[in-house]
Each structure stands twice: as C-alpha cells, then as structure tokens.
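Notes to accompany the following structure.
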Amino acid sequence: VVAVKQLDRNGLQGNREFLVEVLMLSLLHHTNLVNLIGYCADGDQRLLVYEFMPLGSLEDHLHG
Numbered sequence: 010v011v012a013v014k015q016l017d018r019n020g021l022q023g024n025r026e027f028l029v030e031v032l033m034l035s036l037l038h039h040t041n042l043v044n045l046i047g048y049c050a051d052g053d054q055r056l057l058v059y060e061f062m063p064l065g066s067l068e069d070h071l072h073g
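Rendered as structure tokens:
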C-alpha cells in the first residue's frame with residue numbers, strides 16, 4: 010500500500026523544479042519523515058509516491 014500525491018497541473022512548478030524536489034526528497038531519510046518511494050513525470054502528470062502511514066495525515070493530527 011502506498012500514498013500518492015498528485016501535484017497541481019496548473020501550478021507554477023515546472024519540470025526542472027519538480028525533478029529537483031524529487032531528488033531532494035529521495036536524499037532525505039529520517040525516522041520522523043515518510044519515505045519517497047517513487048514519482049511519475051509523464052506528460053503533464055506529476056505524482057509523488059510515498060510509503061503509506063495508516064494513522065491519517067499530518068494535517069488531521071495538527072488541526073483535527
């Protein structure tokens with residue numbers, strides 16, 4: 010099971026910025042961070058694939 014984040018197609022982030030973000034996320038390894046498993050940059054599709062954390066989102070925990 011994984012979590013997939015779809016980035017806004019109409020956002021201001023370009024392909025180069027997306028790939029730099031993927032590179033940076035792939036280099037980060039910490040017990041308090043969710044690991045990036047992979048990504049998709051096909052056409053105008055921009056997806057980030059993370060390990061799934063079953064206890065809900067950070068936003069839910071902070072503002073729930």
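For the sequence shown, the numbering used here assigns the number 10 to the initial residue and increments by one for each residue that follows.
For every residue, glycine included, the Cβ atom is placed at its ideal position computed from N, Cα and C.
Quick caveat: nothing in here was measured; it's all calculated off a predicted structure.
Quick one: what's got a C-beta closer than 8 angstroms to C49's C-beta in the same chain, skipping five residues either side?
Position 40 of the sequence shown holds residue 49. Once the five neighbours on either side are set aside, the close Cβ partners of C49 are R55, L56, V58.
Would you mind working out which of L21, F27, V11, A12 sits nearest D51, comparing C-alpha positions?
Mapped onto the sequence shown, residue 51 falls at position 42. Here the closest residue by C-alpha is F27.
Cα separation between L37 and I46?
To locate residue 37, count along the sequence shown from 1; it is residue 28. To locate residue 46, count along the sequence shown from 1; it is residue 37. Distance between the alpha carbons of L37 and I46 is about 12 angstroms.
Quick check on DSSP: helix, strand or coil for L45?
Taking the sequence shown and counting its residues from 1, one reaches residue 45 at position 36. Annotated three-state conformation of L45 is strand, per DSSP.
Cβ atoms of E60 and N44: under 7 angstroms apart, would you say?
Counted from its first residue, the sequence shown places residue 44 at position 35. Counted from its first residue, the sequence shown places residue 60 at position 51. It is a contact, given that the beta carbons lie within the stated cut-off.
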